[in-house]
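These notes are about the structure you will find just below.
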Amino acid sequence: MMKALLAGVAITLALAETASAETLKIGFLTTLSGPMAPIGKHARDGFLLAVEQRGDRLGGIEAQVIVQDDSLKPELAVGHAQKFIEGDQVDFVVGMIASNILQAVFQPIAESETFMIGVNAGTSIYAGSQCNPFFFSTSSENNQVPEAMGKHVQDAGYRRIVMMVPNYQAGRDAIEGFRLHYRGEVLEEIYVPLNQLDFAAELSQVRALQPDALLVFMPGGMGITLVRQFNQSGMAESLPFLSVWTVDETTLPATQEAAKGLYSASQWAPDLDVDANRKFVSAFEAAYGYTPSAFASQAYDAALLIDSAVAAVEGDLDDKDALRQALRAADFTSTRGNFRYNSNHFPIQDFYLVQAAPRPDGSYATTIREKIFEDHADRKAAECPMASQ
């Protein structure tokens, strides 16, 4: 197992102690502190697994991965990004869990002409009007997963709903996504501070409004607390709790039975019937002793994307145009099966309704119940200037 030295020390995935001209340097910016730390951990572990499986090489080149914790603080993330670029002189910056982190580092990294691979944050402007030839995503545009859930809510016949999200860009994008297909009445949009961990007041507000369903986006520790308090409130027996990025493999180890039967939308689940996914889940569980999430699969795919692109250009990292074309080709076998890039460098992929359920060993995971969208492209791509290039 590779040595992992965090907090500013390189994770050296090669025999050599110092980088040479033949070394591929990757800065991995993730969130390892605070309520969103489980997401960042999954992403880090997924990426490192793929690198290790390839003999600590990507595209045939020795890989050096430098992991930094942004602690969900934009100013700290900017400092790490500057060190990646100016000090470490990395070839790729990978990661960016939260939208506020991506927004903080996007411009300085793009201006340095360093390729970014976003493994989670899919801030809508970077899929649309501010798309960039140096940014690629292996997750989804922020509207898409909520859009899938909104489509399910509309088709299921819920006519009066309440939406609850954190008050930052991803939360606002989620509201926009929920509304794209939903035609019923939105009784209230409830916004809470990012990292809030007590929802008693908001749940009392929901109870008073008497909606047909509650639509939620609460990532990481926020989601854990909300699911527990929702279960304790007594509303779980009568009020459908429908979510995105809230009930998943990062939160289920903590929520367990409190989340049983709750539905979410996702582009991935551990039981997705794809051979590459079965191998990924098995290898991940063997390596780390826990079940991977979509965040882990997206980061794993990011490593495969880099591996395929660097191999395609035969290690010539100075030819940015050729490397970009190789990234666009996405010539790798994704854990999601269907995966290809749109003109804005965001994936075209399938989306599913998933449900939290117990596994034979007593643990909980999400399982696919139905496909909501097939080969689904985000709507922001039409606003991307690269679409006409």
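The sequence shown lines up with residues -21 to -1, 1 to 368 when you count with mature numbering (1 follows the signal peptide of the UniProt record, and there is no 0).
For each residue, glycine too, the CB sits at the ideal point set by N, CA and C.
Per-residue burial, residue i [other beta carbons within 10 Å of its own, 16 or more giving buried]
i: S103; result: buried
i: Q277; result: buried
i: G66; result: exposed
i: N146; result: exposed
i: R23; result: buried
i: S12; result: exposed
i: D295; result: exposed
i: Q211; result: exposed
i: K258; result: exposed
i: A(-1); result: Residue placement at A(-1) cannot be trusted, given a pLDDT of 40 that sits under 50; what the coordinates show is reported in the next sentence. Under this definition A(-1) is an exposed residue.
i: K350; result: exposed
i: D49; result: buried
i: P339; result: exposed
i: P172; result: exposed
i: Q246; result: buried
i: G341; result: exposed
i: A335; result: buried
i: S119; result: buried
i: S108; result: exposed
i: residue 373; result: In the structure displayed, the chain extends from -21 to 368; residue 373 sits before or after that span and is not available.
i: E54; result: exposed
i: residue 415; result: Nothing can be reported for residue 415, as the shown portion of the chain is limited to -21 through 368.
i: E181; result: buried
i: Q86; result: exposed
i: A252; result: Residue 252 is actually Asp in this sequence, not Ala. By the neighbour-count rule (16 or more Cβ atoms within 10 Å), D252 is not buried but exposed.
i: D329; result: buried
Boundaries (first-last residue) of the alpha helix (DSSP H) holding residue i
i: Y105; result: 103 to 106
i: E353; result: That residue, E353, is in no alpha helix (DSSP H); its beta strand (DSSP E) goes 343 to 355.
i: Q277; result: 273 to 291
i: L231; result: 231 to 234
i: G25; result: 16 to 32
i: K359; result: Counting along the chain, K359 falls outside any alpha helix (DSSP H), and DSSP gives it neither H nor E.
i: D300; result: 299 to 308
Selected residue, minimal CA-CA separation from residue i, among the options
i: V46; options: P339, R303, V73, L81; result: V73
i: A275; options: L296, E228, E236; result: E228
i: I140; options: I169, F352, N210; result: I169
i: residue 369; options: P271, A89, E126; result: No answer is possible for residue 369: it lies beyond the span of the chain, which begins at -21 and ends at 368.
i: E362; options: Y105, T2, G97; result: Y105
i: A281; options: A89, T117, V84, T93; result: T117
i: E167; options: V185, D152, L173; result: V185
i: A237; options: V253, A215, P219, I347; result: A215
i: M143; options: D295, H21, T225; result: T225
i: R307; options: V57, T93, P112, R338; result: P112
i: V206; options: D177, Q189, D191, R348; result: D177
i: A288; options: E92, F263, M365, L37; result: L37
i: T9; options: K52, L3, V30; result: K52
i: A244; options: F311, G316, V124; result: V124
i: A262; options: G240, T314, E155, E1; result: T314
i: K359; options: K20, P190, N79, G101; result: G101
i: I154; options: S78, E126, K258, Y267; result: E126
i: A56; options: N79, G34, T230, D35; result: N79
i: residue 372; options: A42, A29, Q32; result: It is not possible to answer for residue 372, since the shown part of the chain is limited to -21 through 368.
i: V132; options: Y242, A291, V44, Q82; result: Y242
i: D298; options: S217, H21, F85, E92; result: E92
i: F94; options: A149, L302, P337; result: L302
i: G136; options: S108, A179, A192; result: A192
i: F325; options: P219, P337, D357; result: D357
i: H160; options: A180, V44, M128, A179; result: M128
i: T2; options: Q235, A187, Y343, I40; result: I40
Range covered by the beta strand (DSSP E) that runs through residue i
i: T9; result: 2 to 9
i: Q328; result: 326 to 337
i: I76; result: First-last for I76: undefined, no H or E at that position.
i: S212; result: It is not in any beta strand (DSSP E) - S212 instead sits in the alpha helix (DSSP H) that spans 199 to 212.
i: F115; result: 114 to 116
Paired residues, beta bridge with residue i - DSSP
i: Y320; result: P326
i: L37; result: I40
i: V223; result: F196, A244
i: S313; result: G316
Heavy atom of the ligand NAD within 6 angstroms of residue i beta-carbon
i: A309; result: The ligand NAD is not part of the structure shown, which contains no ligands of any sort.
Give, in chain order, every unbroken run of the alpha helix (DSSP H) that is at least 4 residues long and sits entirely within the segment 123 to 187.
123 to 135, 148 to 158
Can you give, in chain order, each stretch of the beta strand (DSSP E) that sits fully within the segment 45 to 98 and has at least 3 residues?
71 to 74, 94 to 97
Which residue spans inside the segment 238 to 274 form an unbroken beta strand (DSSP E) run of at least 3?
242 to 245
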